[in-house]
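Taking it in order: structure first as structure tokens, then the write-up.
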Amino acid sequence: ALLGGLLGSGVLKEGNPLSVHYVMFLPCILGQGTTEQQFEWLPKAWNCNIIGTYAQTELGHGTFIRGLETRADYDPKTKEFVINSPTLTSYKWWPGGLGHTANYAIVVAQLHTKGQCHGIHPFIVQLRDEETHVPMPGITIGEIGAKVGMKGVNNGYLGFKNVRIPLKNMLMKNAQVLEDGTYVKAPASVLTYGTMMFVRVVIIRDMAHSLAKCSTIATRYSAVRRQSPIDPNKPEPQIIDHVTQQLKLFPQIAKTIVFRLTADYIWNVYNQVSSELEKGNLERLPELHAMTCCLKAVCTADAAAGVEQLRLSCGGHGYMESSNFPTIYGMTTAACTYEGENTVLLLQTARYLMKAWGQALRGEPLGPTVEYLREAVKYKTFNAWDGSQLQMVRALEYAAARKVKLAYENLEKRKQYGMGQEDAANATAIELCSAADMHCRAFLAHTTLNEIEANAKTLSPALGAVLRQLGELYIIDTCLNRLGDLLRFANLTEKNVNDVQARLEELLTKLRPNAVGIVDGFDIPDTILSSALGVHDGNVYEKLYEEAKKSPLNQEPVNKSFNLYLKPFMKSNL
């Protein structure tokens with residue numbers, strides 16, 4: 015959509031109230047609606063004759079979607095579903111655009127037919143009159159209030175009281191309800207997760223956008239700002255010449271590129287799996303679900319930390335609203351909890367990894383993203399370290415495999431001691447999350463190595479060299495940040511670690527002359543950056559002063575508070 019991505023973030027700095035319409039409402043109809051339902055709803059939705067949102071999360075339940083309380087009871091006499099919110103905690107909470115923009119929603123509710131509950135299913139529900147925008151009978155709707163960020167999205171709440179919708183409004187591409195109330199089960203429960211997987215791929219790209227903007231702002235500012243002489247006999251240098259500043263900036267630039275390349279790679283995999291689903295092949299669906307879960311968790315956490323790191327790299331000026339860091343951070347950190355809370359998503363991935371480790375032990379076929387587990391089954395120790403990028407990636411994979419192995423063994427041990435599966439999983443949850451996190455970082459490093467090389471070959475030698483340096487920096491930074499795991503599982507020596515550290519410093523030096531050129535290559539106009547610190551012409555201080563003068567407190571020489579409060583206070587006797 016026109017208002018998506020970097021352009022949308024420049025036009026609508028605090029979020030787009032139509033984003034859920036494009037990113038979730040439309041894809042959900044495409045992915046879960048029958049051909050007839052698509053013909054009925056898509057033309058109106060594509061043309062924005064109706065505006066939709068996606069109402070899944072409730073006041074009392076979020077990531078644990080099986081616990082949702084909203085009910086959809088089928089009435090065979092009228093061939094309608096009756097939607098109800100039985101409790102306050104069952105009110106839908108958080109859907110973007112719901113507060114004042116959307117007039118339709120895909121509502122995720124517990125389906126009840128013939129006295130049985132069949133779990134959650136999606137239903138299209140009209141929320142407001144198409145002409146007057148007045149809420150429909152039985153609909154309670156409003157905006158949830160102020161948030162840390164995303165202030166333009168008008169997230170809403172939604173309650174139902176005996177709201178009736180026709181049978182055809184249940185999206186039935188997968189599961190179906192017949193006119194007499196007979197339930198026809200979906201061929202696989204994971205088919206209902208298609209929309210969420212799509213959204214998580216979009217989120218990875220959004221995280222790359224956030225880092226691209228903040229990297230541009232911080233790097234440009236660092237090239238303008240001069241402070242703290244390195245040599246007392248020379249003028250103050252640009253702060254980007256300080257190696258500590260380079261360490262704050264350059265890994266985030268590298269991460270920007272890695273996240274974008276990974277998003278493109280996973281997007282292609284998503285499309286391949288979607289095509290296979292149309293043919294009834296579900297084989298790769300669990301693997302894709304596991305991969306999008308951990309990527310969403312790791313990329314959002316790293317992006318939020320990266321944005322904050324880049325803000326801190328700009329010193330006090332980064333704390334100003336006019337730097338645009340606060341707004342970008344508010345938008346970025348929100349992604350750590352929407353569309354799946356990160357810890358729960360890591361546990362979803364861990365569940366897949368436990369199954370994959372069992373398959374590896376039995377010598378069964380493995381999916382491409384977990385094929386590396388075989389190495390840890392075959393070899394009890396890691397191969398000799400040679401310091402190459404490939405060996406670093408293999409070391410990360412080996413460490414990930416060993417963490418998967420430990421989690422698996424501890425899970426099985428607890429079950430042998432009499433714990434049930436769920437209690438054992440809860441007791442092992444810390445190790446499971448750690449294994450899933452490491453699995454994801456190994457995947458990111460592996461993807462970096464492959465995708466950087468593939469892209470570098472299409473570029474000029476000079477540009478290809480810079481791209482390879484950024485890829486290597488990302489892999490080295492990952493290794494150093496996970497040094498404890500590598501020392502524990504990959505048998506690194508002190509010399510090995512010193513060599514990696516030396517290579518990091520060498521890469522920082524090599525990237526320094528190209529740093530501004532790299533972020534300029536992100537091609538983000540000043541109107542999109544909206545930052546006094548990141549202006550392309552480098553007039554940072556002039557822009558900061560200009561923005562300061564716009565403060566409402568500067569619009570009169572003497573603020574009214576002086577005569578109302580301060581002067582009487584100063585004249586009084588304490």
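Numbering (the numbering used here), first residue to last: 15 to 588. Where is the CB? At the ideal position from N, CA and C, for every residue including glycine.
Sorted by chain position, which residues of the same chain lie with C-beta nearer than 6 angstroms to residue i's C-beta, five sequence neighbours on each side aside?
i	result
Ala-15	With a pLDDT of 44 at Ala-15, under the threshold of 50, the modelled position of this residue cannot be trusted; read the value that follows with caution. Only Tyr-36 meet the Cβ criterion.
Gln-332	Per the sequence shown, the amino acid found at residue 332 is Gly instead of Gln. Here the set comprises Arg-325, Phe-339.
Ala-529	Thr-233
Leu-73	Thr-103, Tyr-105, Trp-107
Arg-274	Ala-222
His-75	Gly-81, Leu-82
Thr-77	Gly-354, Glu-355, Val-358
His-460	Val-407
I think residue i touches residue j, with their Cβ atoms under 8 angstroms apart; what is that distance to the nearest whole Å?
i	j	result
Ala-232	Gln-252	Rounded, the Cβ-Cβ distance is 13 angstroms, inconsistent with contact.
Phe-137	Met-186	The pair is not a contact, with the Cβ atoms about 10 angstroms apart (cut-off 8 angstroms).
Phe-95	Leu-181	7 angstroms
Gly-152	Lys-128	Their Cβ separation, rounded to whole angstroms, is 24 angstroms, which puts Gly-152 and Lys-128 out of contact at 8 angstroms.
Ala-468	Gly-478	Ala-468 to Gly-478, Cβ: 11 angstroms. No contact.
Ala-119	Tyr-68	7 angstroms
Val-514	Leu-494	6 angstroms
Met-452	Arg-482	With a Cβ gap of about 24 angstroms, Met-452 and Arg-482 do not count as contacting.
Glu-301	Gly-381	4 angstroms
Arg-268	Leu-484	The residue asked about is misnamed: residue 268 is Ala in this sequence, not Arg. The Cβ separation is near 4 angstroms, so the contact holds.
Glu-144	Ile-64	7 angstroms
Ile-596	Ile-280	Outside the shown range of the chain (15 to 588) lies residue 596, about which nothing can therefore be said.
How about residue i and residue j: are their beta carbons less than 8 angstroms apart?
i	j	result
Leu-446	Leu-361	yes
Asn-356	Thr-306	no
Met-348	Ala-413	First, the amino acid is wrong: residue 348 is Ala here, not Met. No, these two residues do not count as a Cβ contact at 8 angstroms.
Lys-227	Leu-543	yes
Ile-490	Thr-230	no
Thr-258	Leu-458	no
Pro-31	Gly-156	no
Val-139	Val-121	yes
Gly-45	Trp-55	no
Lys-93	Glu-28	no
Met-38	Val-213	yes
Ser-337	Cys-350	no
Arg-416	Ala-374	no
Leu-522	Glu-486	no
Leu-463	Val-407	yes
Arg-526	Gln-266	no
Ser-242	Ile-342	no
Glu-561	Ala-546	yes
Arg-304	Thr-363	The question names Arg, yet the displayed sequence has Ala at residue 304. Yes.
Ala-456	Glu-411	yes
Ile-134	Ile-179	no
Pro-90	Gly-195	yes
Gln-323	Lys-262	yes
From the DSSP output, which residues share a beta bridge with residue i?
i	result
Tyr-197	Val-191
Trp-108	Partner(s): none; Trp-108 has no beta bridge.
Arg-178	Val-96
Glu-465	Looking at the DSSP assignment, Glu-465 forms no beta bridge with any residue, so it has no partner.
Pro-251	Pro-251 pairs with nothing; no bridge assigned.
Pro-136	Val-122
Gly-66	Tyr-118
Gln-130	Thr-127
Tyr-88	Phe-95
Ser-325	At residue 325 the sequence reads Arg, which differs from the Ser that was named. According to DSSP, Arg-325 bridges with nothing at all.
Arg-142	Pro-149
Met-184	Phe-137
Glu-72	Lys-106
Less than 8 angstroms between C-beta atoms, sequence neighbours within five positions excluded: which residues of the same chain meet that for residue i?
i	result
Ile-158	Trp-107, Trp-108, Gly-113, Asn-169, Gly-170, Tyr-171
His-126	Arg-85, Ala-86, Asp-87, Tyr-88, His-132
Trp-399	Gln-405, Ala-409, Ala-504, Asn-505, Leu-506, Thr-507, Asn-510
Met-150	Gln-140, Leu-141, Arg-142, Asp-143, Val-177
Excluding the 5 residues preceding and the 5 following residue i in the sequence, name in chain order all residues of the same chain whose CB lies nearer than 7 angstroms to its CB.
i	result
Leu-425	Met-368, Ala-438, Ala-439, Thr-442
Val-418	Leu-367, Trp-371, Leu-387, Ala-449, His-453
His-550	Asp-540
Please confirm whether residue i has its beta-carbon closer than 8 angstroms to some beta-carbon of chain C.
i	result
Pro-201	Although the question refers to chain C, the structure presented lacks it and comprises just one protein chain.
Whole runs of the beta strand (DSSP E) within the region 149 to 174, excluding any shorter than 3 residues: 153 to 157, 170 to 174, all fully within the region 149 to 174.
Alpha helix (DSSP H) runs contained entirely in the region 521 to 547, provided each spans 4 or more residues: Correct list: 529 to 534, 540 to 543.
Runs of beta strand (DSSP E) wholly within the region 231 to 288 (minimum 3 residues, chain order): Whole beta strand (DSSP E) segments, 3+ residues: zero.
Inside the region 35 to 61 only - alpha helix (DSSP H) runs reaching at least 4 residues: For the region 35 to 61, whole alpha helix (DSSP H) runs of length 4 or above, ordered along the chain, are 40 to 46, 49 to 60.
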